[in-house]
Amino acid sequence: MKLSKATLFSLMLVTLMALVPATGEETPGLRTNMLVTTQWLADHLHDQDLVVLCISSSADSFAKGHIPGARNILLSQIAVTRNGVPNELPSTEQLQSVFEAAGMSNHSLVVLYGDHSGMFAARAYFTLDYLGVADRVSVLDGGLEKWKTEQRPVSTESPKPTAGGKLRTALRKGILVDTAAMRSMVQKKNGTVAILDGRPAAEYSGAQTSEDVPKAGHIPNSQSLFWMNLIVSRENPVLKPEAELRRMYAVANAHAGQPVVTYCRTGMQASFDYFVAKYLGYDPGMYDASFYEWSREDLPVEVTAKP
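The sequence shown begins at 253 in this note's numbering and counts up by one.
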């Protein structure tokens with residue numbers, strides 16, 4: 253039986269609503285296990301079940317210096333171009349193979365860090381969350397930048413070969429939002445879902461056009477939440493204090509008991525908004541194809557920049 257787009261949207265919305273507490277409940281609790289400090293990692297670096305994964309842009313980037321014992325995964329291994337849209341999820345089998353080859357299993361305690369001030373690590377977290385195996389996965393707060401600032405050891409050696417892990421996945425398809433579902437959310441126009449745009453404010457407003465995007469502006473009913481505003485700075489990519497993060501999400505109309513969906517240009521910046529939303533206790537989804545695909549369709553776009 254073929255389901256209509258309206259029915260598919262209703263099912264996706266029900267899935268998102270089932271993940272969040274009922275409206276009127278108190279602020280969702282912080283998921284403290286999603287973030288570890290550099291001190292915690294230093295103390296546990298030699299734990300038997302620990303797997304440290306660096307998500308890098310290139311092998312050279314990893315070779316220049318990494319946390320001792322870390323294993324390298326290239327961003328291009330977990331984010332591919334599909335149907336002309338960059339940074340899409342590869343097949344489940346490919347993702348499973350990549351993480352298993354890096355030594356990850358369902359019993360591993362995984363710590364992620366990576367290039368681009370934590371963005372790559374957040375993308376890996378979203379990927380593992382989609383695979384249904386993120387319950388034992390954390391992101392290193394401050395990443396390699398903070399690790400180096402504290403003068404902790406850095407290695408340029410290639411990691412020793414690993415026997416690989418065995419990873420059983422349980423896909424959480426409800427967190428991956430497609431264009432048809434986004435269109436239905438926008439058409440509702442009732443604020444049921446908080447839609448967050450992770451791009452810079454100038455791209456959101458339409459004052460500046462995103463790279464390789466034919467239209468300026470943003471998806472209607474979305475709010476701007478530039479991902480880099482969630483960290484102290486590019487050079488010190490530590491998350492801002494919880495109270496400040498909660499204030500920024502509230503200003504972006506993300507309230508307790510409300511489904512949250514993030515997007516950006518191609519799903520990278522949105523991954524960071526997604527990670528922080530989940531860390532704060534929300535149960536978000538992400539529109540992976542993002543504005544790159546939305547702007548190529550016959551779909552409404554809002555421009556708020558002054559002429």
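Built from N, CA and C at the ideal position, the CB exists for glycine as well. The structure displayed is predicted, hence computed values, not measured ones.
- Each of Y382, K400, L347, I427 was checked against the Cα of Y365, and the nearest Cα belongs to K400.
- From the listed residues S328, P413, V406, T333, the smallest Cα separation to F372 is found for S328.
- Spanning the alpha carbons of H507 and Y501 requires a straight line of approximately 8 Å.
- The three-state reading of DSSP puts I319 in coil, since its state is none of H, G, I, E or B.
- In this chain, the alpha helix (DSSP H) harbouring Q348 covers 344-353.
- With contacts defined as CB atoms closer than 9 Å, G450 and C516 qualify as a contacting pair.
- The stretch 414-426 makes no contact with the stretch 390-397: fewer than 3 CB pairs, one atom from each, lie closer than 8 Å.
- Our two residues, L448 and V385, have alpha carbons roughly 25 Å apart in a direct line.
- Per DSSP, reduced to three states, the secondary structure at I330 is helical.
- For D449, DSSP records a beta bridge to S476, Y515.
- Residues G317 of the same chain have their beta carbon placed closer than 6 Å to that of V406, with the five preceding and five following residues left out of the count.
- Less than 9 Å separates the beta-carbon of S390 from that of L361.
- Under DSSP, the beta-bridge partners assigned to E554 are H470.
- Under the DSSP assignment, M538 falls in the beta strand (DSSP E) whose first and last residues are 537-539.
- One alpha carbon belongs to R486, the other to N335, and they sit about 32 Å apart.
- Here the stretch 345-360 does not lie against the stretch 539-555, with fewer than 3 beta-carbon pairs under 8 Å apart.
- V303 carries a strand assignment under DSSP once its states are collapsed to helix, strand and coil.
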